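A short write-up of the structure that comes next.
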Amino acid sequence: MRKKYFDFIIHGGDYNPDQWIRTKEIWDEDIRLMKLAGINSATVGIFSWGILEPEEGVFCFDWLDEIMEKFRKNGIAAILATPSGARPAWMALKYPEVLRVNENGIHNEYGDRHNHCLTSPVYREKVRTINRALAERYANHPALKMWHVSNEYSGECHCELCQTAFREWLKKEYNNDLNLLNDKWWTGFWSHQITDWSQISSPKDRGENHFSALKLAWRRFVTDSHISFFENEISPLRQITPDIPFTTNLMGLYGGIDYQKLASHLDIVSWDNYPDWCTGDNLYTAAQTAFVHDAFRSMKQGQPFFMMESTPSVVNQRPVNKLPPPGMQTLTALQAVSHGADSVQYFQWRSSRAGHEKYHGAVVDHRGHENTRVFREIARTGNLLSGLSQVTGTLCNSKVAIIYDWENARATEYFSGFNNKRRDYAGECVRWYMPFYKRGISVDVIAMDADYSKYDIVIAPFLYMLKPGTEERISTYVKNGGMFLSTYLLGMADRDDRCFTGGFPAGELKTVFGIEHEETDVLPEDAPGKANFNGVTYPVEHVCDIIRSTGAAVRGTYITDFYSGTPAVTENSYGKGSAVYVAFRSSDVLADDVCAYIINKTGVMPDTDIEYSGIEVRRRGDFIFCLNFTQENKTVKLKSSYTDIISGKTLSGDINIEKCGFLILKG
Amino acid sequence: MRKKYFDFIIHGGDYNPDQWIRTKEIWDEDIRLMKLAGINSATVGIFSWGILEPEEGVFCFDWLDEIMEKFRKNGIAAILATPSGARPAWMALKYPEVLRVNENGIHNEYGDRHNHCLTSPVYREKVRTINRALAERYANHPALKMWHVSNEYSGECHCELCQTAFREWLKKEYNNDLNLLNDKWWTGFWSHQITDWSQISSPKDRGENHFSALKLAWRRFVTDSHISFFENEISPLRQITPDIPFTTNLMGLYGGIDYQKLASHLDIVSWDNYPDWCTGDNLYTAAQTAFVHDAFRSMKQGQPFFMMESTPSVVNQRPVNKLPPPGMQTLTALQAVSHGADSVQYFQWRSSRAGHEKYHGAVVDHRGHENTRVFREIARTGNLLSGLSQVTGTLCNSKVAIIYDWENARATEYFSGFNNKRRDYAGECVRWYMPFYKRGISVDVIAMDADYSKYDIVIAPFLYMLKPGTEERISTYVKNGGMFLSTYLLGMADRDDRCFTGGFPAGELKTVFGIEHEETDVLPEDAPGKANFNGVTYPVEHVCDIIRSTGAAVRGTYITDFYSGTPAVTENSYGKGSAVYVAFRSSDVLADDVCAYIINKTGVMPDTDIEYSGIEVRRRGDFIFCLNFTQENKTVKLKSSYTDIISGKTLSGDINIEKCGFLILKG
Amino acid sequence: MRKKYFDFIIHGGDYNPDQWIRTKEIWDEDIRLMKLAGINSATVGIFSWGILEPEEGVFCFDWLDEIMEKFRKNGIAAILATPSGARPAWMALKYPEVLRVNENGIHNEYGDRHNHCLTSPVYREKVRTINRALAERYANHPALKMWHVSNEYSGECHCELCQTAFREWLKKEYNNDLNLLNDKWWTGFWSHQITDWSQISSPKDRGENHFSALKLAWRRFVTDSHISFFENEISPLRQITPDIPFTTNLMGLYGGIDYQKLASHLDIVSWDNYPDWCTGDNLYTAAQTAFVHDAFRSMKQGQPFFMMESTPSVVNQRPVNKLPPPGMQTLTALQAVSHGADSVQYFQWRSSRAGHEKYHGAVVDHRGHENTRVFREIARTGNLLSGLSQVTGTLCNSKVAIIYDWENARATEYFSGFNNKRRDYAGECVRWYMPFYKRGISVDVIAMDADYSKYDIVIAPFLYMLKPGTEERISTYVKNGGMFLSTYLLGMADRDDRCFTGGFPAGELKTVFGIEHEETDVLPEDAPGKANFNGVTYPVEHVCDIIRSTGAAVRGTYITDFYSGTPAVTENSYGKGSAVYVAFRSSDVLADDVCAYIINKTGVMPDTDIEYSGIEVRRRGDFIFCLNFTQENKTVKLKSSYTDIISGKTLSGDINIEKCGFLILKG
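As you go down the protein sequences, you meet chains L, U and A in turn.
In my numbering, each number is its position in the first sequence, counted from 1, plus 13.
In my numbering, each number is its position in the second sequence, counted from 1, plus 13.
In my numbering, each number is its position in the third sequence, counted from 1, plus 13.
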């Protein structure tokens, strides 16, 4: 597998010259401004179907030819989009089946983006046709460097075509065996025995929405529908432009599609990164963002990913869209690169005159010139990135992994019981990611069926559902010397959300952890409990397991409620390794203290020896990025000498980094 | 009418052996565990239609035969359910009319429970057929002791069959006289004159949802549809097993069906009791629960009722499902018995492996053995209940009644005006129940058209609507010496929510109470007023009547707002009795002080002479139950000697009851 | 244009004798009570279609003849309603097209009011027929003084008839030129190029709801549909009763219809006034109400308007309907008259026995007699009004105008970006109205395309959208010596919500104000910024523009965030006038201080020389109304002598006005 497609950092973004077809003089001005801003790439053609195929079968490429030629002349790498994210109005009117049907069985009308049936043969054919036309036209165009397939795949359709496809999918998934399905789905409950595949439909409130097994199956079907839709889309591209890599831009932790499954179908994974820098806790926002970067990098075994979208300044879709402080754009870009991104791209190059996103930040705003605060910051970023070309293709070598599993994310959402109000699987994973992030220890964020063997520590918060093989995978890892930490509600259900028999956690995990689950308590928001660990007291929040040690050392106990005195944190030796169980949900402080304990025990080291606090420090290749996301000045203590790549000076000792500032070191 | 069907307290619950048909070895284990837990009954067949009739007309009773035989051999009373609460998937697909249509005219798909049209001739026929088959098969089975008909009837359907049935129902209700209906519904308002019955449809937002008369009529129709559906269900049972009693499990104060009307069609009323023991005010929760017990007991003139469901530990459907403190299960059971229940039953015997309720508490949890905290508590309860057989069939003799009327509950919800945000009829009734509950004075909770003559005190909070005859019923009761207390918005509207003319309260009630209503004020949540009663000041909350005394003694006046100085509490002599009017909504303290005043005046006495505070003390038959629902230790002062039925010791003087503890006394 | 239709103040309201057709004896009692209350007019026939046309084509006027005759005999001016606001049930069943279809394409059922398709040819014909019949019957009836057309027009329909009408409307609006529409709507965004008019449908969530241009166009279509529906309604009235004036009652700032456009089709504008006197800040409520009065007066160039509805005491539709303090009804009436109303009318004369509004206040309540607090207050009001006949027809002469533009109200709602949570255009306009209101300076509330030339000051808060010509209108006004003040987000978009190019504010406005817009920041609710003006510090709330002065004098700067020190308030000389820009949203205090500054600068004077605080003082004709809406006593200082029109005494010096009291002075 290729790790590196470009030997420079792509700096570009969404570019919509077709919106300005009536005032084409702007196109040359765009090129002039791109150069000023250090832009070396542009993504064109997203949502351009209406202009590319104004009537059925009539294609109009003139404008795009002209643009591609400008790119070629000016050394701008064209990332060419397929336009399936939004269809022309004529198509929706002529072939209503291309539009979605909602849960109430009501057909959508034309409008919006992301409004297409994933199953519709007509739509798939239309997509293949336009994609083939694009590929054929630009296959040999020197500006074409990459494909951007569709845009932010999402949603689902409930039409009859999709229902039929779902049933066919189920047949495959369950070996064409209704007995198997009835057993796995436990349909004896509420008299739901299925005696014919036709009895199953997509989950919905006016039908069945209480069977988590059905909901999980539907979610998997939707993922597979997207994969199949995607493979249909790219079939002409694979054939006609086999050497041009492709991606599709994903949306962080969006749960509608299992990105960890989809990733294997992409040459490069990429995502759209819109951190909210106005929450008042920017370090936490930065950690959340870093967590997602690490998840995307880990999806393809550490291969560099793309940050396909980010905002040059502000967004328009939040309830309150405050301007981030000056400098934040550059920090956002550098953070992405430091975590393995080989691109920094924007939505959008130039503000639309109208439409839903006209007040979303753009490199060139409605004034249309370069004398703006935002333009200057983008140009600064461009300049910086051009000096970092060396990092492209560089991999990370993490000794720690956090399991954030897309399927478990859904499973922890869908079951009914215990705390129905607060689940927040992602939040728990970020909580356990934070202690490593703060210490500058690189972390991979992996699915539960990834390879654990290369890690010294694996952390699996709230690992409620176990995919087949996970039990063995964990026990083998610990047996061979690994440190595995897990938290509450571990190993309750299989991938159909059917409980394991014989007590929790499932099977051998009871021996690995040396514990047995007795009951689960839930704490109201305003009435947390308390537990201790190594002599310190911590809050017990939202949920906690009551467990019994069958051999594990008890490192902490509850000190409130009727289960006071019973184990709350345990550690068990198993084979050559250790398994730690934290039976309750608590604050960040507990996670930090427990992680300090296991870091110390395993001897895992940070990526650098720099001392600091309250900022992010991260190494990629030869570069060390010190990023201050906060509004206060911070200091780093350099124990050896480094070169500041901006000033070129040699630095050591205490160095100040101003608010929203950064330092890039080499050496 | 028989008062007693069993000479022991039924201890059992929902049992779903059919879910374990693939691992039948569990069945014998279930029997072994039932004996350990003191279980003497099991309810089987709820939601078993799919396995009983796997294809249309093909019946499969083998598994049930086997289970029934195990029950017989082990002395377990079988309560056999009819399965109409959930239907097989094949039926829904073949006969879509059995499923419901929602207010938008959209047909439901297969799924969920409680999803059947109440009118559908096909569904009624299918229900009769399966019920007949069940009855014929087990009519002479010695284990069969009772029928559990369907499950938690609820909801409604808006299909064309139901619309037609509604119109037929209206014709009967209004003497086939459109003039009558137009007059009662006051259709001159908004030009709604009905000139043909076909012009009326069920209330709905996309049609008519502003006419309370229509909404009340629809609610009555839905009640009568359920009764007719129920009578259809049990017609084969009545015929084939005339000696087997039947019930259907109801849901507390659920407002969709008039339980006070439905009750007369049942041999035994029963309900599913899920108190929330985690609100922080367990005594209030206990009083709420006691109120509902008393309502169910009163529905059938004091005849013992069944507590058909309760949880062995925790529930799964609330947002936050905290474990109740240990001991609470036993207290819940003893409270039910003390209020007249002849059963303590659970949902559920054994945890499902999957499905919506897999994390709902069960006697046997996912571990499947008896060595659990919960199992031990159930076993303790079983043991206690076996010592209380003597109470079965015992009646109560209450001298006080609270009117909680199912029809008034709807009427107080549906009108528009005054305080649209806070109505809470049930809460007001519990508020006025509390003073008696705390003093150990037994209360019946009755409909407004029940017999008042046997009570010394009748309390009717927020008696907004008067059914025909209620005015006379109240005046006769007071005339004959009764003490009648009512509160704000008394006697405004008839059962079609049409206002009485000539001022409020309606007709003769003005004389009975010696007052006339002038206006009604509303108090915002954050700006209560004040009033006094017997020299003490109380808050005026949410709503208050401005009244004029036409003869009543003024016992309290408002002291805020422009009506300061006008009457707030009045007392009027009428015939041999008294009528007290509390014109405003206030805190529990006012209710307690006013009740103290009328208790003192009428000389009503508690059921025992035990002195206590903060717990429940209640006599049933020869037993006195002292129940401490709180988390603190409490003391009871025994003025005479009693036998503690657990220790067998004779007790007197101050006796401690620990938190979540109890004392059962005899003597 | 006639300014005066009556030489006395109309005092009356909605009267529904048809609801009492079964107890007609009440009709004479009504007349007796009307006289006691000083009622000189009654509005009849609203929602009477069901009784007027009980079957298709069968008309029944007997009851109305009888009522009209009573009016004639008793000198009561009949305002006759057309009944289109609610239709008979038979019509809805026979012609379903008369009912509305919702956004989901689901047809409404019969019910409610305001449930008719605006396009349906059948409904339009039926309306013409009944209106013609009414007009023919009463054309020469001496009691008929005015038409009340329909009732509170509102809502919209999405049926196919309306879709077709919308497309025809679009063709006209966009010169039958799809290129023009595509350019204006900027349909290149999201591939929305329209290639056939049939591709456009009404905005909806299941279709297109993200294009503000479509939403604005639909809103204009709905306005025009109402105008066309209205013109259809009144065509028989115009023809048969050309001398009888007509109105339709509007609903304050209701945004569904552009009242500023509709107004030109009415002889008299009228509105339904329901201030909430229980918010705790009655002076603000009074100012809000005054603002709406002034908007209605300004809609027809100062011509007197009608207050067609108000409540005699309380309403029923709010969540919490507290009784207003005694006296408030009279104040509400006097305020209306003081702002230019020539009527004081009530909903409703007599309480309905049933129906949705039975607990809405009425002059005659359910008791049916005159001995009530409310009746006495209405009678007092009637008496007062009869002494104020002289004011009828009197015009105001305002030197100040606030632009509140119905189209801008929608535009400021529909765009996405900046602060999506807090926009509140109307609230901002009232904020800038308040300083003049408090000082007794009369203000006109006008559309942006009204004539500015007669004003000394024009204030245009949040003038985001500019209609064609507005830019020139503003610059001409300032050039000629006007003082124009505007606030944040000025002049961003045209009437299709397409941004202006070349920077904001649009075009010449940059020169008029001497500023250029750089960026817009948004402040979270809990983190306001700060700015100063003339040395005082004020909060910056929700939104602020970052601007650059290109010539304007900087009167205030920001003092927080990265744009600290940049201009926040500017003043620019342009031609003979001045343009002030307040770049941020702030508290009322800033508005008050800025207005004090420009009032001082322009020398605009209050209508009287009376000194006061915390009350409203307003002159109309020879009368000065001093209205104390608060709960405290207030003092006015009379610098010269006036006649108190109630006592007839001459007053000067300090005069007390008690809470909820008033003073009407002459001289």
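Every residue gets a Cβ at the ideal spot worked out from N, C-alpha and C, and that includes glycine.
A quick note: this is a predicted structure, and the numbers were derived from the prediction, not measured.
Proximal chain A residues relative to residue i, where beta-carbon distance stays under 9 Å
| i | result |
| --- | --- |
| Thr208 (chain U) | Gly63, Pro67, Glu68, Pro101, Ala102 and Trp103 |
Neighbouring residues, chain L, relative to residue i (Cβ below 9 Å)
| i | result |
| --- | --- |
| Cys291 (chain U) | Val535, Pro537 and Ala540 |
| Cys512 (chain A) | Ser364, Ser365, Arg366, Ala367, Lys371, Tyr372 and His379 |
Closest residue to residue i among the options (Cα-Cα distance)
| i | options | result |
| --- | --- | --- |
| Cys442 (chain L) | L:Ala346, L:Phe675, L:Thr500 and L:Gln206 | L:Thr500 |
| Ile89 (chain U) | U:Gly70, U:Phe597, U:Asp355 and U:Met47 | U:Met47 |
| Gly674 (chain A) | A:Thr394, A:His555, A:Lys335 and A:Lys139 | A:Thr394 |
| Thr405 (chain U) | U:Asp667, U:Arg633 and U:Trp40 | U:Arg633 |
| Thr489 (chain A) | A:Ala276, A:Asn121, A:Ser586 and A:Pro67 | A:Ser586 |
| Val593 (chain L) | L:Thr385, L:Leu536, L:Asp622 and L:Thr524 | L:Thr524 |
Range covered by the beta strand (DSSP E) that runs through residue i
| i | result |
| --- | --- |
| Ile459 (chain A) | Val456 to Ile459 |
| Cys170 (chain U) | Per DSSP, Cys170 (chain U) belongs to no beta strand (DSSP E) and is neither H nor E. |
| Trp210 (chain U) | Element bounds for Trp210 (chain U): n/a, residue is neither H nor E. |
| Gln358 (chain L) | Ala354 to Tyr359 |
| Glu655 (chain U) | It should be pointed out that residue 655 (chain U) corresponds to Tyr in this sequence rather than to Glu. It spans Lys647 to Asp657 - the beta strand (DSSP E) in which Tyr655 (chain U) sits, taken as one unbroken run. |
Under 8 Å from the C-beta of residue i: neighbouring residues of chain U
| i | result |
| --- | --- |
| Asn334 (chain A) | Gly430, Phe431, Asn432, Asn433 and Val535 |
Amino acids of chain A, ordered along the chain, whose beta-carbon sits closer than 7 Å to that of residue i
| i | result |
| --- | --- |
| Asn121 (chain L) | Arg219 and Gly220 |
Residue range of the unbroken alpha helix (DSSP H) whose run includes residue i
| i | result |
| --- | --- |
| Phe242 (chain L) | Ser225 to Ile253 |
| Lys107 (chain A) | Ala102 to Lys107 |
| Ile80 (chain A) | Asp75 to Lys86 |
| Gly567 (chain U) | The displayed chain sequence assigns Val, not Gly, to residue 567 (chain U). Looking at the DSSP string, Val567 (chain U) is not in any alpha helix (DSSP H); the run it does join, the beta strand (DSSP E), is Ala566 to Thr570. |
Contact list for residue i against chain U, beta-carbon separation under 7 Å
| i | result |
| --- | --- |
| Asn117 (chain L) | Ile119 |
| Leu106 (chain A) | Ser211 and Gln212 |
| Asn329 (chain A) | Ser429 and Gly430 |
Interface partners of residue i on chain L, CB under 7 Å
| i | result |
| --- | --- |
| His223 (chain A) | Asp125 and His369 |
Taking only beta carbons into account, state which residues of the stretch 434-462 of chain A come closer than 7 Å to chain L, listed in chain order.
-> Lys434
Please confirm if the stretch 456-468 of chain U is in contact with the stretch 308-325 of chain U, defined as three or more CB-CB distances below 8 Å between the two stretches.
-> For the pair of segments examined, the stretch 456-468 of chain U was found to touch the stretch 308-325 of chain U: the number of CB pairs separated by less than 8 Å reaches three.
Residues, ordered as in the chain, of the stretch 15-47 of chain A that lie near chain U by beta-carbon distance below 9 Å = Asn29, Asp31, Gln32, Trp33, Ile34, Arg35 and Thr36
Using 8 Å as the threshold, is the stretch 219-237 of chain U in touch with the stretch 190-198 of chain U, meaning 3 or more CB pairs across them?
-> With the cut-off at 8 Å, the stretch 219-237 of chain U and the stretch 190-198 of chain U touch.
Check whether the stretch 411-426 of chain L touches the stretch 257-269 of chain L, counting contact only when three or more Cβ pairs, one atom from each stretch, lie closer than 8 Å.
-> yes
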